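Student: Position 102, counted from 1, in the sequence shown is what my numbering calls 186; the numbers after and before it change by one each time, with no gaps.
C-beta: ideal position from N, C-alpha, C; glycine also.
Predicted, not measured: the structure shown is a model, and the values here were computed from it.
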Amino acid sequence: KMMVSVLTAEGCDDVFDDGKVITVLDQAAGTGGMLSTAYGHLHHLNKTADIRLFGQELIGQSYAVGLAEMLIKGQDASNFIHVDTFKKDCFKDTKMRFVIENPPFGTPYKGADAKTGQEEAVMEEYAKGEKSRWPAGLPAGGDSQLLFMQSAIDKMDEEVGRAAIITNGSPLFNGGVSSGESQIRRWLLENDYIEAIIAMPTDLFYNTGIATYAWILSKNKREERIGKIQLINATEIYHPLRKSLGNKRKEFTGEDRKKITELYANFRENDLSQIYPNEEFIYREYTVMEPLQRSYAINDERIENLETSRKLNSFYDKAKHEEILEKEESATELNKTEKRNLKKYTENQKPYEEIFKILNENKSDKTYMDVGEFEPILTNLLGDLSLTKSVFNNILDGLSIMDKSAQIQKDKKGKIIYDKDTKDTEIVNVREDIDDYMKREVLPHIPDAKAFFEEDLSLKNPRIKTGAEIPFTRYFYKYEAPRPSEDLAKEFLELEDLVNKKVKDLFGEH
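1) Could you pull out every unbroken alpha helix (DSSP H) segment of at least 4 residues lying fully inside the stretch 443-481, listed in chain order?
2) Which of the three DSSP states, helix, strand or coil, is assigned to E510?
3) Are P361 and K303 touching if we call contact CB-CB under 8 Å?
4) Using a Cβ-Cβ cut-off of 8 Å (strictly less than) and excluding sequence neighbours within five positions of I281, which residues of its own chain qualify?
5) Please classify K504: does DSSP put it in a helix, a strand, or coil?
6) Relative to the alpha-carbon of I156, which residue among E335, D508, Y123 has its alpha-carbon at the smallest distance?
7) For K411, collect the residues of the same chain with a Cβ closer than 8 Å to its Cβ; drop the 5 residues on either side in sequence, then sort them by chain order.
8) Which of the three DSSP states is assigned to V372 in this structure?
9) Looking at the unbroken alpha helix (DSSP H) that takes in N350, where does it start and where does it end?
10) Quick test of your reading: Y521 and V514, contact by CB under 8 Å. State the CB separation rounded to the nearest angstrom.
11) Which residues mark the beginning and the end of the alpha helix (DSSP H) in which D571 is found?
12) Quick check: what's the CA-CA separation for P568 versus E320?
13) If you draw a straight line from the C-alpha of T251 to the C-alpha of S489, how long is it?
14) Check P546 in the structure and name its three-state DSSP category.
15) Select from S254, M87, D177, N383 the residue whose C-alpha is nearest the C-alpha of D449.
16) Roughly how many angstroms separate the alpha carbons of K562 and D355, rounded to a whole number?
17) In whole angstroms, what is the alpha-carbon distance linking D508 and E516?
18) Within 8 Å, do at least three Cβ pairs link the stretch 476-487 to the stretch 383-398?
19) Would K90 pass as a contact of M180 if the rule is Cβ separation under 8 Å?
20) For T191, which residues in the same chain have their Cβ closer than 6 Å to its Cβ, ignoring the five residues on either side in sequence?
21) Counting pairs of beta carbons, one from the stretch 527-542 and one from the stretch 344-351, are three or more of them closer than 8 Å?
22) Does DSSP put W271 in a helix, in a strand, or in coil?
23) Between Y559 and A295, what straight-line distance do the alpha-carbon atoms span, to the nearest angstrom?
24) Just verifying my parser: in three-state terms, what is the DSSP assignment at I485?
25) Please classify M552: is it buried, with 16 or more other beta-carbons within 10 angstroms of its beta-carbon, or exposed?
26) Would you tell me roughly how many angstroms separate the C-alpha atoms of F182 and T121, rounded to the nearest one?
27) Go ahead and pull the three-state DSSP assignment for H128.
28) How many angstroms separate the CA atom of L613 from the CA atom of Q159?
29) My guess is that A113 and G150 are in contact by the Cβ rule of under 8 Å, so how many angstroms apart are they, rounded?
30) Only counting the same chain, and skipping five residues up and downstream in sequence, which positions put a Cβ closer than 6 Å to that of E203?
31) Over the uninterrupted alpha helix (DSSP H) stretch that includes A403, give me the two end residues.
32) Is it true that the CB of G201 sits closer than 8 Å to the CB of K172?
33) Looking at the secondary structure, which residues open and close the alpha helix (DSSP H) in which T251 lies?
In structure tokens form, the structure reads like this:
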């Protein structure tokens, strides 16, 4: 009821027209509860309206109950269909005035736990590109909520379509910058589909007590809302049930629904309502590194570092070599990769051992601050081993440590080389200039750091470094200072005295 109330609070002037045809869709219809609620509310608003309900439901038992409900309301039975939404849009030629749904949380569409045929159907539809029902991409295979959301937008009327969708927290923030989830959120924001997100109380549903959110989506935002998102914190707006029903311990009364609807419709900022431009939730991921400054030496510490750093594992991996040999000795057939590695390890074992023999024979207390001075020395020592440039560079790197007093290394063009071992990541809002961000957040701590934006969409597998997340709770977080240590100590001593007294009483001590 709350979702329908918010959904019809604005952008619905046409709903009051005499004889208005109003289409309502639920793609995860269950027993038809949301459709029934929408029907009742819309009928209350306009008794002359021709309200047409559409639903798809996968689970047979739920479908049967929902179908009965539709028939009782005099609805067209052919519009309530027992078909997997991921496999088919049963109302392909019908755009909807309203979409309202509560898709299952954390339900896979991909992999062994997905329903038979779902993965193939989703991938086939996705292959249609921008014309598919999920043009923004696919979320992780273990959670299908953002597929339902994209499909809902696909079904919304292009001029006046509106939707209300309940999710858990995952669609708000799951996934890294290039993940499907992040790119779907970015698409929602860049296309300005999100009107509001409402954080609802926990313990509101029969089968789960987790935090849930209502997304209000629109293709006809009113002027004040264009380019903006409203976050509404309704987590404390509820009435407790007198008796729990499963996980359901709270409910929305008419008073609660009215308060939430007013927070939405008033579109003003206060303690429970915050308004942000869409760009607030879009970010760029920068790589930050320091100049390459390393000192070099051949001593016990550096040799041990080379051996334990795994820098030469691609050349020779002693543990894997022994593992393959044991497998071979047990008469177990080796696969192609193991056979290839066995050949490589057998050929490289002696040169590998020779590398460490030479290094141990040439240990010194001298430390080199310039790679240009140390590299010829190492080349001279290992020159007879005919090592590849890659292996040699790994040895060179393994004998070094970061040293800010060492010379800054540069390439042949005189440009500074940056140390990949110092790589860190900074998440920066798209509205902020990276130089300003670095001056404020990074350079006071690392004066010579440099930021790199490594996005490249021209690659066969595009490198994406622009993403989106909506960390809802962060925007309503209120700091609570910890209690003074003196108060905690006093309380602890009081509890200790109480426990001691009870122990004495228990054993009759006075």
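Tutor: Let me spell this out:
1) 455-466
2) In this structure, E510 counts as strand in the three-state DSSP scheme.
3) Against a cut-off of 8 Å, the Cβ pair of K303 and P361 comes out as no contact.
4) L256, Y297, A298, W299, I300, I313, Q314, L315, I316, I554, F556
5) strand
6) When only C-alpha atoms are compared, the closest one is Y123.
7) So the qualifying residues of the chain are L418, E422.
8) strand
9) 338-350 is the extent of the alpha helix (DSSP H) around N350.
10) Not confirmed; about 11 Å, so no contact.
11) It spans 569-590 - the alpha helix (DSSP H) in which D571 sits, taken as one unbroken run.
12) 28 Å
13) 53 Å
14) Secondary structure of P546 (DSSP, three-state): coil.
15) Here the closest residue by C-alpha is N383.
16) 11 Å
17) 19 Å
18) yes
19) The sequence given here places Val at residue 90; Lys does not occur at that position. Going by C-beta atoms, V90 is not nearer than 8 Å to M180.
20) These residues qualify, in order along the chain: S228.
21) no
22) helix
23) 16 Å
24) In the structure shown, I485 sits in a strand (DSSP, three-state: E or B).
25) Residue identity check: residue 552 is Ala in the sequence provided, not Met. A552 is buried by the Cβ-count criterion.
26) 13 Å
27) helix
28) It is not possible to answer for residue 613, since the shown part of the chain is limited to 85 through 594.
29) 5 Å
30) K194
31) Counting along the chain, the alpha helix (DSSP H) containing A403 begins and ends at 402-413.
32) no
33) Where T251 is concerned, there is no enclosing alpha helix (DSSP H), although the beta strand (DSSP E) around it starts and stops at 246-251.
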